[in-house]
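Inspection log for the structure reproduced underneath, given as structure tokens.
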Amino acid sequence: MTSTAGRTRPDQVLSFLRSGYLFASRVRRRTGVSPESGAPVSMNLLGKRSVLVRGEEGVDLFYDTSRMKRHGAMPLFIRGPLFGAGAVHALDGDAHAARKNQMADMAYEDERVAQYKPFVAEELEMLIREWTSPGNIYDGTALAFGRASFRWAGIPWSRQEMDRQARRMSRLLDTFGRPPRTRSHGSSASAWIARSRS
Numbered sequence: 298m299t300s301t302a303g304r305t306r307p308d309q310v311l312s313f314l315r316s317g318y319l320f321a322s323r324v325r326r327r328t329g330v331s332p333e334s335g336a337p338v339s340m341n342l343l344g345k346r347s348v349l350v351r352g353e354e355g356v357d358l359f360y361d362t363s364r365m366k367r368h369g370a371m372p373l374f375i376r377g378p379l380f381g382a383g384a385v386h387a388l389d390g391d392a393h394a395a396r397k398n399q400m401a402d403m404a405y406e407d408e409r410v411a412q413y414k415p416f417v418a419e420e421l422e423m424l425i426r427e428w429t430s431p432g433n434i435y436d437g438t439a440l441a442f443g444r445a446s447f448r449w450a451g452i453p454w455s456r457q458e459m460d461r462q463a464r465r466m467s468r469l470l471d472t473f474g475r476p477p478r479t480r481s482h483g484s485s486a487s488a489w490i491a492r493s494r495s
């Protein structure tokens with residue numbers, strides 16, 4: 298991997314918590330690197346020297362198991378609510394390979410993916426029909442994709458239970474790693490509560 302193109306001095310953890318998915322592009326801009334560039338950027342994160350990678354070369358480095366370890370790499374405040382205990386994202390070696398293959402066999406099998414599409418189409422059509430006033434697209438599609446996923450997986454839940462679980466999962470994804478705050482969209486505490494109920 299080429300040497301880093303930029304470096305940020307102060308610890309970036311607050312920027313990470315505030316920016317979420319926009320974090321990488323914002324760090325790149327601050328260091329004078331184009332957000333679309335594949336150049337790595339060095340920074341301090343959680344008191345450790347870290348490198349932000351992007352592009353094909355960055356992906357190759359990230360998945361190089363001779364240089365990277367998953368166990369303990371992700372901070373607990375993110376790993377806990379987002380993935381829970383024993384998730385593939387924190388496993389290394391044969392355990393990681395076995396779990397990843399189980400997931401990939403189902404998710405990347407063309408026949409199984411083809412079975413998912415009509416469920417999504419049905420749920421999105423139903424969502425559009427049920428909208429009688431302006432709604433929130435994110436929340437609506439989270440419900441539609443949640444229902445479609447439960448149906449695809451063969452989980453025999455009522456529509457009410459599918460909606461409840463889809464909302465819980467959406468809240469978990471929308472609030473993990475977020476610092477405590479009083480605004481209505483929640484904090485990491487909401488994500489921990491949602492994870493504890495799974």
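Sequential numbering of the sequence shown, starting at 298, is according to the working numbering.
Every residue, glycine too, gets a C-beta built ideally from N, C-alpha and C.
Predicted model, so just to flag it, every value in this text is computed and none were measured.
- In the structure shown, K366 adopts coil according to DSSP, grouped into three states.
- The three-state reading of DSSP puts S339 in strand, counting E and B together.
- In this model, E408 and R468 are separated by some 30 Å (Cα to Cα).
- Straight across, the Cα-Cα distance linking R448 with P337 is about 41 Å.
- Judged by DSSP in its simplified three-state form, R351 adopts coil rather than helix or strand.
- A Cβ-Cβ contact shorter than 8 Å links A441 with L421.
- Here the region 400-418 makes no contact with the region 374-384; the two share fewer than three CB pairs at distances below 8 Å.
- In this structure, the alpha-carbon of G451 lies about 31 Å from that of P431.
- According to DSSP, residue pairing for D407 in a beta bridge does not occur.
- Ranking G369, V350, A445, G344 by CA distance to the CA of V310 puts G344 first.
- For D402, the three-state secondary structure derived from DSSP is helix.
- Out of S347, D389, S339, the CA that lies nearest to the CA of S363 is found in D389.
- Where A441 is concerned, the enclosing alpha helix (DSSP H) starts and stops at 434-450.
- For the 8 Å CB-CB criterion, N341 and S334 do not form a contact.
- Excluding its 5 nearest sequence neighbours in each direction, V350 has C-beta neighbours in its own chain below 7 Å: P337, L358, F359, listed in chain order.
- Counted as a single uninterrupted DSSP element, the alpha helix (DSSP H) harbouring L311 occupies residues 310-316.
- The distance from the Cβ of V324 to that of S312 is about 7 Å, consistent with a contact at the 8 Å cut-off.
- Judged by DSSP secondary structure, A321 falls within the alpha helix (DSSP H) whose first and last residues are 320-327.
- For L379, the enclosing alpha helix (DSSP H) has its first and last residue at 373-380.
- M466 and V330 have their alpha carbons spaced roughly 35 Å apart.
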